[in-house]
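Engineer: Numbering-wise, the sequence shown is residues 575 to 917 according to this note's numbering.
All C-beta atoms in this analysis are idealised placements derived from N, C-alpha and C, irrespective of residue type, glycine included.
The model shown is predicted, which means the values in this text are computed figures rather than measured ones.
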Amino acid sequence: MKVLFLIEGWVAPAPRYRVLQYLPWLKEHGIHCEVRALHGESYPPWFHKPLIGNVYKALVRSRRWFQVRDADRFDVVFLQRLTLPFSSFVERRLLRKNPRVIFDYDDALFQTPEGEDPVRLKVFRRVVDAVRTVVAGSQYLADKAREDATVIPTVIDTDRYVPVERTGGELVIGWMGTHSNYPNFPEILPQLEEVLNRFPHVSFHVVGDLAPPFKLPRMRFTRWTKEQEIARLQGFDIGIMPLLDTDWNRGKCAFKLIEYMSVGIPVVAGSVGANREVVLEGRTGFLAERPEQWSQALICLIEDADLRRSMGRQGRERCTAHYSLNSQRDRLLAVLRNTAVEN
575 MKVLFLIEGW VAPAPRYRVL QYLPWLKEHG IHCEVRALHG ESYPPWFHKP LIGNVYKALV
635 RSRRWFQVRD ADRFDVVFLQ RLTLPFSSFV ERRLLRKNPR VIFDYDDALF QTPEGEDPVR
695 LKVFRRVVDA VRTVVAGSQY LADKAREDAT VIPTVIDTDR YVPVERTGGE LVIGWMGTHS
755 NYPNFPEILP QLEEVLNRFP HVSFHVVGDL APPFKLPRMR FTRWTKEQEI ARLQGFDIGI
815 MPLLDTDWNR GKCAFKLIEY MSVGIPVVAG SVGANREVVL EGRTGFLAER PEQWSQALIC
875 LIEDADLRRS MGRQGRERCT AHYSLNSQRD RLLAVLRNTA VEN
């Protein structure tokens, strides 16, 4: 069976974890995989600039029109996210070439972080109603698509992401992500500052694409790289994921928590969306609904090393069982095969 994978780029999180890491295993099981990406191995320095960045993105995304020219040669086309949020003209061309399309997504593409967007919703509905198969990263996202949507969480290779023994006197609270998530921090910054002031041996490590727009005691920033990602995660003792309760954030798939759990550390997270599905309250970490619960949870974990180890161990077990590459690869293979044979 021949499958064409259409992805955003080689380093973006969604294609890396929802497509690329599956490819070696799929090839071993008789799937011929061809990948066509919009972006290369890196992004230009102006990528995040409001004007020139948007122009660049539009020009790059126009490549997809040519990438689907021979889609009829493949048994299945796996479309990872929409080409453009405001138009489905590329997807319509793709579907004319090959109706056996799987549409995969792991964010609330039908709106913006600011709220509802009628244009995005119309484009999203047009695509999910037309493709043969829909795969969503969470139940919340699947419910927004259609009744027969398949849920495959964004997963991690637990053979590579493994716990390590932490030594030394410093205890590290860690966060890893992209700058678009920084707006979730202001509400809990007083609690983080309180905790860091109370415990001089505790530091805060931010790993991301851009430096955060806030400062905290003993906070350090490290620019994210693919090569150092696992080592940075293994350098955390507690992983956090603040998340405001918004419609946009309810579409998040809790992947930060899955990363933290894969390396065997406890988590503290906003009680929003898929976070509630991933975290077992009081067993793999804590869910915080109010700012004061953040300081309570962090203090509890800082003061109790046995609790950190127990939660980390249970989180690792949960990740391996439900959010690992090994736990979901058969499901993806089944989706590909079923899409190829459906009439």
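Please check the pair Glu732 and Asn628, which I expect to be a contact at CB under 8 Å, by giving their CB distance rounded to whole angstroms.
Structural biologist: It should be pointed out that residue 732 corresponds to Thr in this sequence rather than to Glu. No, Thr732 and Asn628 are not in contact; Cβ-Cβ is about 37 Å, not under 8 Å.
Engineer: Tell me where the beta strand (DSSP E) around Ile804 begins and ends.
Structural biologist: Run containing Ile804: none in the beta strand (DSSP E); it sits in the alpha helix (DSSP H), 803 to 808.
Engineer: Which residue from Arg647, Leu683, Gly689, Arg655 puts its Cα closest to that of Arg670?
Structural biologist: Arg647
Engineer: Assuming Leu861 is part of the beta strand (DSSP E), what are its boundary residues?
Structural biologist: 859 to 862
Engineer: Spatial neighbours of Ile804 within its chain, please: CB distance less than 7 Å, with the 5 preceding and 5 following residues excluded, ordered by chain position.
Structural biologist: Arg734, Tyr735
Engineer: Can you check whether the CB of His775 is closer than 7 Å to the CB of Arg794?
Structural biologist: no
Engineer: Out of curiosity, what's the CA-to-CA distance linking Pro757 and Arg637?
Structural biologist: 32 Å
Engineer: When you compare the segment 690 to 704 with the segment 847 to 864, are there three or more beta-carbon pairs, one atom per stretch, that lie closer than 8 Å?
Structural biologist: no
Engineer: Sorted by chain position, which residues of the same chain lie with C-beta nearer than 6 Å to Trp749's C-beta, five sequence neighbours on each side aside?
Structural biologist: Val780, Ile814
Engineer: For the segment 642 to 693, list the beta strand (DSSP E) runs that are entirely contained and at least 3 residues long, ordered along the chain.
Structural biologist: 650 to 654, 675 to 679
Engineer: Which residues bound the beta strand (DSSP E) around Gly844?
Structural biologist: 841 to 844
Engineer: Can you tell which of Ala895, Ala632, Arg882, Arg720 has its C-alpha closest to the C-alpha of Arg740?
Structural biologist: Arg882
Engineer: Please classify Glu916: does DSSP put it in a helix, a strand, or coil?
Structural biologist: coil
Engineer: Here's a check: name, in chain order, each residue in its chain whose Cβ is nearer than 8 Å to the Cβ of Met575, leaving out the five neighbours to either side.
Structural biologist: Gly604, Ile605, His606, Asp649, Val650, Leu910, Arg911, Ala914
Engineer: From which residue to which residue does the beta strand (DSSP E) around Glu582 run?
Structural biologist: Careful: Glu582 lies outside any beta strand (DSSP E) and carries neither H nor E.
Engineer: Apart from the five residues just before and just after Leu597, which ones in its own chain have a Cβ nearer than 6 Å to its Cβ?
Structural biologist: Cys607
Engineer: Quick one: which unbroken alpha helix (DSSP H) runs of 4-plus residues sit fully inside the segment 875 to 908? Chain order, please.
Structural biologist: You should have 879 to 896.
Engineer: With C-beta atoms as the reference, is Trp798 less than 7 Å away from Gly782?
Structural biologist: yes
Engineer: On a CA-only basis, which of Gly614, Phe579, Ala719 is nearest Gly825? Give me that one, please.
Structural biologist: Ala719
Engineer: So Pro673 packs on Trp822, CB below 8 Å; how close in whole Å?
Structural biologist: With a Cβ gap of about 31 Å, Pro673 and Trp822 do not count as contacting.
Engineer: If you draw a straight line from the C-alpha of Leu600 to the C-alpha of Leu907, how long is it?
Structural biologist: Between the alpha carbons of Leu600 and Leu907 lies a distance of about 7 Å.
Engineer: With a Cβ-Cβ cutoff of 7 Å, do Ile581 and Gln654 count as a contact?
Structural biologist: It is a contact, given that the beta carbons lie within the stated cut-off.
Engineer: On the premise that Gln902 lies in contact with Ile676, defined as a C-beta separation below 8 Å, what is that separation, rounded to the nearest angstrom?
Structural biologist: That belief does not hold up - the Cβ atoms of Ile676 and Gln902 are roughly 15 Å apart, past 8 Å.
Engineer: In whole angstroms, what is the alpha-carbon distance linking Arg892 and Ser836?
Structural biologist: Distance between the alpha carbons of Arg892 and Ser836 is about 9 Å.
Engineer: Ser869: buried (16+ other C-beta within 10 angstroms of its C-beta) or exposed?
Structural biologist: buried
Engineer: Could you check the C-alpha separation between Ser754 and Leu818 for me, to the nearest Å?
Structural biologist: 13 Å
Engineer: Which of helix, strand or coil does DSSP assign to Ala828?
Structural biologist: coil
Engineer: Helix, strand or coil for Met835, going by three-state DSSP, please let me know.
Structural biologist: helix
Engineer: Per DSSP, which residues does Arg592 bridge with? Please list them.
Structural biologist: Answer by DSSP bridge pairing: none, since Arg592 is not bridged.
Engineer: With a threshold of 7 Å on Cβ separation, who are the neighbours of Pro791 within its own chain once the five nearest residues in sequence on each side are excluded?
Structural biologist: Glu767, Leu770, Asn771.
Engineer: For Phe684, does the count of other Cβ atoms within 10 angstroms reach 16, so buried, or fall short, so exposed?
Structural biologist: Burial call: buried.
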